[in-house]
Amino acid sequence: MIEDALALALLLVATVSLGRLVYGPGSVDRMLVAQLMGSAGVAVALTLNSGSPSGALVVALVLALLAAVSGAAFARRFHPPERDGGDG
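Numbering follows our numbering, in which position 66 of the sequence shown is assigned residue number 135; successive positions increment by one, without gaps.
Structure (C-alpha cells):
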C-alpha cells in the first residue's frame with residue numbers, strides 16, 4: 070500500500086515538472102527536467118518492483134542508463150572540451 074502511494078507521489082512530481090519542460094526558459098532547464106523525470110521513472114519502477122519480481126527492474130536500469138547517457142551527451146554538446154592552440 071505504501072509503495073503505491075510513493076509511486077503515485079513520484080508520478081505527480083514528474084507530471085508537474087512537464088510544465089517546466091514545455092515552458093522552460095532555456096535548454097539547461099529542460100535538460101534538468103528530463104533528468105528529474107528519468108530519476109522519477111527509475112524510482113517508480115524500483116518502488117513497484119519491491120512487491121514482486123517482474124520486468125520493472127530491467128525498465129529501471131534502462132531508464133537510469135538513458136538518463137546518464139543523455140546528461141553526458143548534453144554536456145558534451147553544449148560544453149565541448151577546450152583545445153590547445155599549440156603544436157607542441
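Cβ atoms here follow ideal geometry from the backbone N, Cα and C, with glycine treated the same way.
| request: Using the Cα positions of L81 and L132, report the straight-line distance between them to the nearest angstrom. | output: 18 Å
| query | Is the number of C-beta pairs between the segment 92–101 and the segment 111–130 that are closer than 8 Å three or more? | reply | no
| field | T116 classed as buried or exposed, judged by whether at least 16 other C-beta atoms fall within 10 angstroms | value | buried
| said: In whole angstroms, give me the CA-to-CA distance for L77 and R146. | reply: 34 Å
| Closest by CA to S86, which one among A144, E151, R152, G110? | G110
| query | Who are the Cβ neighbours of L105 in its own chain at under 6 Å, not counting the five residues just before and after it? | reply | S86
| query | For G107, which residues of its own chain have a beta-carbon under 6 Å away from its beta-carbon, when the five flanking residues on both sides are left out? | reply | L132, A136
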